[in-house]
Each structure stands twice: as structure tokens, then as C-alpha cells.
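Take 399 as the starting number for the sequence shown in my numbering and just add one per residue.
The beta-carbon is built from N, C-alpha and C at its ideal position, and this holds for glycine as well.
Okay, so here's the structure we're looking at.
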Amino acid sequence: MALVIAIPAWAARPYRGGAVATAHPMASEAALRMLDKGGNAVDAAVAAAFTLAVVGPYHSGLGGGGFALVHDAKTGTTQVLDFREVAPKGATRDMYVKDGKVVPGLSTDGATSVAVPGAVAGYLELLEKHGKLPRAVVLQPAIEAATKGFWVSPKYQQIATLRRDCLRQDPEASRIFLAKNDQGEPDVPPIGYLVRQPELARTLQTLAKSGPKPFYSGPLAQAMVDTVKAGGGLLTLEDLAAFKTRAHEPLEGSYRGYRILTMPPPSAGGLAVLQVLGAMERLRPKGLDYRNPEDLHLYVEAVRRVYVDRVKYLGDPAFVKIPMESLTSSGYIADLAGGIDPKKATPSASLLPPMEGANDSTLKKPGTWYDSPAAPGQTPAQPPSPEKKNTTHISVIDKDGGAVALTTTVNYAFGSCVVAKGTGVLLNDQMDDFAARPGVPNAYGLVTGEANSIAPGKVPLSSMSPTLVFSRDDPKKVMLAVGSPGGSTIPTTVIQVISNIVDAGMDVSRAVGAGRLHHQYLPDELWVDRWGLEPATQAALEAKGHKIRRQETWGDAEAVYSDPKTNLRYPASDPRNEGAGLGQN
Ligand code: DON
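Structure (C-alpha cells):
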């Protein structure tokens, strides 16, 4: 049995000043520019967020929403800002159901899937409240990226291929994000093609000059409403004018003496992170033995159970009463851990019978990990499947110890595929995160319950889990900022990065790169990524009754580790993707 190991911080590049990790080098460079100008972690994170809105249109943007944890090193306090989209006033519980069935595509593609965007309000509020630099300075890198363009990379191609048909439905989106092929049809652009977004540059300039107002009640608002209305969607000027960000208390817990702050509801992610880590600590008080099948089994069983809680209890806390105190109490965690059979997998259906419609396959999207066929036997991993890179995470720790963990999204790849005419603003399809019919899986194969049914003004339940882990010696000093995209897999990615550092003693680069395992109650399968397991370990888990599904890869963890002893910072961008970790020397 492994002992809890002292955390090493080698094998990654150290920086003496601030450091940042994001999913795109241009966004990390934008953040670094702010740090070099004397900006703090918030200036850096907001510059990165606006730049990602330009260079990563498939995962986030002005038409999306998200969550941020902001740690102020001076006061030692951490604040949470929730700027996730809300359902328009005209939304109804059964708006995506016809003749008792969920209509495929209605909540993921086109104007009918658009929720009221929150990203602009959120990013600018973060800057206004916690930043040091002027708005025009912080938005400058994004404006430059939109004007000069960014080049199409293999990832861009992969994701645009997944959404080509959807993008083709919208003339504006096709013009901006696709390029004419030899037959003159809009198609996935070749590698190296420059995506320039002059309309988006103008929109960003407007925001730099005037703040969020034009977006929520001015000409930009009008353009969004006109476009969505023309496509049969519900967004109104009243919805935009009424949009408000929400402040929450961070969800607090600990793992083996390390204090953890994470995202409360309307994310289901933070709760899952704390519950699973709590159960692991209880079941293995001396630490987890890396890739020991006995320990992996316990981890999977804990995860399975917390995803059941998600179905039963979680939704927008402004609409449903969530028994948070009980769900995070040590008695509850003890019961959860105590219910696990160390010898064999518990069938998910015995914990909570699947609701009617759970096997409704009409919403499955071809080519996604949920829909990809199970590989027979153990090896090899499936051929690359286009993963949904449609959320992104930014981690920053500045030279003074201020930190931001910010996860932001337009939901599915390229959101709704609808661009508000003349603005360059790509709109989200966040409505798909509601339970279109409680019990019926969404685009991530994820089942949620009645608590997450659609209602006007309600926030759809999220998995996004921006998280801060603090030094054991000083619980006010951030040691790790971390988060990831990956829909339903986000919480397990965050859990595994933390455990890889705390239990396995990995440096942060290795911790974000290591293979991953995921379960989510339904489908009752253990997902294993390309580097997740060796055959012998997999066989040991199968012998316990786990049905294994090999997947290509998922997630894109972006993390910054700050060594509590040396104060050196180590950024790490997931090697599965095209991001970059940068820092100040
Ligand atoms: O908020 C959520 O949980 C989803 N809208 C996130 C989507 C996502 O991460 C997909 N990424 N690959």
C-alpha cells in the first residue's frame, strides 16, 4: 500500500513569476502579455478568455457562458462567479418533445437550442471587480487575433468535420468557419487556412469601448435576437436585458489535508469532486496505489454513486432545493463508501432504476465517444473519434499567488452553429444541458432528472468543475488551479489530476497527461481512454464485473501548480491537445 508521498515538482518547466495554461497558445500568450504588463491573474484569465472566444470558436465564445473561481492572495479569500446561460422566458418544460419523444437536434443544432448568453457579462465583471488593467488593454490580444486571423490546425479540422453539416445550415457560420472546396461548397478548411473574423473584431472593439451594455441592450442584442428569431428560437431583448451573473460561495472540502475549493451548483461537478475524493480518503486512508485494480475499483464505484446523486438531486439551486449539507457531510460520505462492495461492481440499475427513455438512442450523435462501438476485448484503443472540444479551461496563478480557475463553454462543438448576423458572435446550444425529458440522455449520454427540467430563467445543470487546491502548510495559498472540458467526464478528469498529484506524487505535467477512467452511472460502462489501463489491470477490473469501453481520449486539463516550498510555478497543458503552458521568468 502506498503512503501519501511528498509532492515533487520536477519534470516540468519552472517559472519564477506568474504562469498560465490554456487550450490555445495564442490565449496563453495573451494572458502572459497581461502578466508582463503588471496585470494580475484575473487580467490574464480574462485576456485569455476573450482570445479563446476568437481562436477556439468550437469550444467557447461571447455567445456562451461559464464559471470562475477567483482567489485574492492579499485577503486570502476566494469568490465564485457564475455567468452560465439561462433558459429564455419563453422556454417550456417540453419544448424539445413531440409525440412523447425528444426531437433529435432541436436542443443541439440551430436557433432553437440557444440559451441567453452570459460570457460577456461574466468576463467583464471579473475584470471590473478583480482586474487591474484597463478593458481596452485586456481585450487587445483578442481584437488582434480576430483581425489578423488564426490558422486552422488538425484539432480545428477534426471538430469542424464533426459539425460541418450543422455549420452549413447557417450562412454566416459557414462563411466564417468553413471555406469553399473545389466544388464551391462550404467545407472544412485546409490546415494553415487563416480564419479572420473582422465582424468579431468590431464587436470586441465595441465591448472594449463601452463595456457589456451594447451586448445586453444595444445593437448587438438586437442582432442576436433577430438572428435567433429568424431561426425559430426564443431569445428576446427582454431576456438579454434581464441577464444577471450570480455570485456563490465556493464549495469547500479537503483531500488528505489539502483544502479544496470548487464549483457549487448549478454545477454538479464540484460536488462530485468532493464526494469521490472524500470516499477515496475514507476507503484508503494511507493513499491510493496508482493503477492498483483494487483501488481503481473503489474509485469507479464511488464515481458511479455520485452520478446517481446527480440524477436524483441536482439542478439550478434557485429552482430546486438541493440537500447540499447532507450530501457533503462525513456521515453521508461514509455511507457512500460503506455501500461499495470491494469485490464486485454494483450494477447501476440496482442503485437507481433507469427512468423510462434512458435507452432512447435517438439523441446519440454519430462519431462521438458515447456512440462509438465498444471495442471487442481489451486492445487496441479505437481509432480516433472526433471528440467534442467544446468547452475550455483557463488556469492562472500570478506572481503574488492570486489565482483563477475559469471554465467556459458554448456547449456542443461550435455551439448552436448560429452566428448573430454582422457581429461574429457564435451562439451557444446550452439548452441541451437541461433534461429535455427527465431520464433521457443528452449529447454526452448523460442522464439528469426532474431537478434539471426546463423552466424559464433557469440555469441548466453543468459538469464544469473549476477547482483550486491549497497548500497543506498554508490553506490560504493556492497550490493547484485546475479544470477541463469534456462534458460529463469533467469531474472525473479533475479528480484524477488531483489524485495523480496527491496520491501518486506526479509532477503536474504527468498528472494531466496520465490516462483516464470514467463512469457516469448510465450507460453502465467503465470508459477507459487510450492510455488508461494496461491489459492485466483491465482484466482484473473485468473480473470484478466492470463492462469496459475503450475510448480514444477525452478532456483537456489545463493546470498550474505552485510549489508551496519554492514558490516556483509549473503550468501544464493537456498533451492530448494543442494548448500551451507559459510563465514569467
Ligand atoms: O456545462 C457542461 O457541463 C457542458 N455544457 C460542458 C460541455 C463540454 O465540456 C463538452 N466538452 N468537451
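Integer Cβ distance of residue i from residue j, believed to fall under 8 Å
{"i": "Leu531", "j": "Met432", "result": "6 Å"}
{"i": "Gln567", "j": "Val586", "result": "Contact doesn't hold; Cβ gap of about 15 Å is too wide."}
{"i": "Leu931", "j": "Gly913", "result": "7 Å"}
{"i": "Arg703", "j": "Leu734", "result": "5 Å"}
{"i": "Ser955", "j": "Val895", "result": "Correcting the residue type first, residue 955 is Ala in the shown sequence and not Ser. Confirmed, about 5 Å."}
{"i": "Ala367", "j": "Thr806", "result": "Only positions 399 to 983 of the chain appear in the structure, and residue 367 is not among them; the question remains open."}
{"i": "Ala419", "j": "Val958", "result": "6 Å"}
{"i": "Pro889", "j": "Asn788", "result": "About 17 Å separates the two Cβ atoms, so there is no contact after all."}
{"i": "Gly667", "j": "Ser793", "result": "In fact, because the Cβ distance is near 15 Å, the residues do not count as touching under 8 Å."}
{"i": "Pro662", "j": "Pro648", "result": "7 Å"}
{"i": "Ala410", "j": "Ser907", "result": "4 Å"}
Chain-order list of residues whose beta-carbon lies under 6 Å from that of residue i (same chain, five-residue window excluded)
{"i": "Asp922", "result": "Ser746"}
{"i": "Gly498", "result": "none"}
{"i": "Gly416", "result": "Leu433, Asp796, Lys797, Gln982"}
{"i": "Leu924", "result": "Val698, His917, His944, Ile946"}
{"i": "Asn898", "result": "Met904, Ala909, Ala912"}
{"i": "Thr449", "result": "Met424, Ala425, Ala428, Pro539, Ala540, Ala543"}
{"i": "Phe613", "result": "Val518"}
{"i": "Pro873", "result": "Arg657"}
{"i": "Gly437", "result": "Lys530, Leu531"}
{"i": "Met753", "result": "Gly837"}
{"i": "Glu976", "result": "Ser551, Lys553"}
{"i": "Ser971", "result": "Ala419, Glu956, Gly977, Ala978, Gly979"}
{"i": "Val857", "result": "Arg482, Val484, Pro664, Asp714"}
{"i": "Gly547", "result": "Leu592, Val593, Arg594"}
{"i": "Glu570", "result": "Val817, Lys819"}
{"i": "Thr545", "result": "Ala599"}
{"i": "Arg533", "result": "Ala606"}
Other residues of its chain near residue i: CB distance less than 7 Å, five sequence neighbours each side excluded
{"i": "Gly590", "result": "Trp549, Val550"}
{"i": "Asp830", "result": "Ser505, Thr506, Ser511, Asn809, Tyr810, Asn840, Ala841"}
{"i": "Val514", "result": "Glu483, Val484, Pro486, Leu633, Asp637, Leu638, Phe641"}
{"i": "Gly454", "result": "Ala421, His422, Thr790"}
{"i": "Ala902", "result": "Tyr688"}
{"i": "Ser814", "result": "Asp507, Gly508, Ala509, Ser511, Val512, Leu825, Asn826, Asp827"}
{"i": "Gln603", "result": "Ile541"}
{"i": "Ser724", "result": "Tyr730"}
{"i": "Gly474", "result": "Lys874"}
{"i": "Lys435", "result": "Leu531, Val535"}
{"i": "Ala849", "result": "Tyr711, Leu712, Gly713, Val718"}
{"i": "Arg870", "result": "Gly655, Tyr656"}
{"i": "Pro973", "result": "Gly911"}
Close Cβ partners of residue i (< 8 Å) along its chain, the five nearest in sequence each way excluded
{"i": "Val501", "result": "Tyr494, Val495"}
{"i": "Asn579", "result": "Asp585"}
{"i": "Ile658", "result": "Glu650, Gly651, Ser652, Val671, Leu672, Leu675, Thr865, Leu866, Val867, Phe868, Ile896"}
{"i": "Asp470", "result": "Thr476, Gln477, His528, Gly800"}
{"i": "Ser851", "result": "Arg491, Gly713, Phe832, Ala833, Pro836"}
{"i": "Ser615", "result": "Leu635, Leu638, Ala639"}
Could I get the ranges of all uninterrupted beta strand (DSSP E) runs contained in the stretch 648-672, with 3 residues as the minimum, in chain order? Taking only runs of at least 3 residues, the beta strand (DSSP E) segments lying wholly in the stretch 648-672 are 649-653, 656-660.
Would you call the stretch 794-814 in contact with the stretch 859-874, where contact means no fewer than 3 C-beta pairs closer than 8 Å? A contact is defined here as three or more CB-CB pairs under 8 Å, and the stretch 794-814 meets this definition with respect to the stretch 859-874.
Say whether the stretch 601-621 touches the stretch 562-581, bearing in mind that this needs 3 or more beta-carbon pairs closer than 8 Å, one atom from each stretch. Touching, no, given that fewer than three Cβ pairs across the two stretches are closer than 8 Å.
Counting Cβ pairs closer than 8 Å, one from the stretch 460-477 and one from the stretch 823-834, do we hit at least three? In short, these stretches touch, since the Cβ pair count reaches three.
Would you say the stretch 834-842 touches the stretch 492-507, given that touching needs at least three Cβ pairs under 8 Å? Per the Cβ contact rule, the stretch 834-842 is in contact with the stretch 492-507 (3 or more Cβ pairs under 8 Å).
Is there contact here, the stretch 710-727 with the stretch 683-690, by at least three beta-carbon pairs under 8 Å? Segments in contact, no.
Contact between the stretch 615-629 and the stretch 644-654 (3+ Cβ pairs under 8 Å): Because the criterion of three Cβ pairs below 8 Å is not met, the stretch 615-629 and the stretch 644-654 do not touch.
Count the C-beta pairs between the stretch 692-710 and the stretch 908-924 that are closer than 8 Å, then say yes if the count reaches three, no if not. The stretch 692-710 vs the stretch 908-924: in contact.
Are at least three pairs of beta-carbons, each pair with one atom in the stretch 938-945 and one in the stretch 963-978, less than 8 Å apart? The answer is no - the stretch 963-978 does not touch the stretch 938-945, with fewer than three Cβ pairs under 8 Å.
For the stretch 650-657 against the stretch 672-682, do three or more pairs of beta-carbon atoms, one drawn from each stretch, fall closer than 8 Å, so that the two count as touching? Short answer: they touch.
Contained beta strand (DSSP E) runs [length at least 3] in the stretch 841-892, N- to C-terminal order: DSSP runs (the beta strand (DSSP E)) wholly in the stretch 841-892: 865-868, 876-881.
Count the C-beta pairs between the stretch 512-521 and the stretch 472-486 that are closer than 8 Å, then say yes if the count reaches three, no if not. With the rule of 3 Cβ pairs closer than 8 Å, the stretch 512-521 counts as touching the stretch 472-486.
Every unbroken alpha helix (DSSP H) inside the stretch 887-945 [4 residues or more]: Whole alpha helix (DSSP H) segments, 4+ residues: 888-900, 906-911, 933-941.
Spell out a yes or no on whether the stretch 950-962 and the stretch 926-936 are touching, meaning 3 or more CB-CB pairs, one atom from each, closer than 8 Å. These segments touch.
Are at least three pairs of beta-carbons, each pair with one atom in the stretch 484-493 and one in the stretch 613-624, less than 8 Å apart? The stretch 484-493, when compared against the stretch 613-624, does not touch it at the 8 Å Cβ threshold.
Sequence ranges, alpha helix (DSSP H) only - wholly within the stretch 591-627, length at least 4: The qualifying runs are 596-608, 611-615.
Sequence ranges, beta strand (DSSP E) only - wholly within the stretch 452-479, length at least 3: Listed in chain order, they are 463-470.
Quick one: complete alpha helix (DSSP H) runs, 4+ long, within the stretch 480-560? The DSSP assignment places 517-528, 533-546, 552-560 as complete runs of the alpha helix (DSSP H) inside the stretch 480-560, in order along the chain (cut-off: 4 residues).
Which runs of the alpha helix (DSSP H) spanning at least 4 residues fall entirely within the stretch 681-769, listed in chain order? Residue ranges of uninterrupted alpha helix (DSSP H) with 4 or more members, entirely inside the stretch 681-769 and ordered along the chain, are 691-711, 722-726, 728-736, 746-749.
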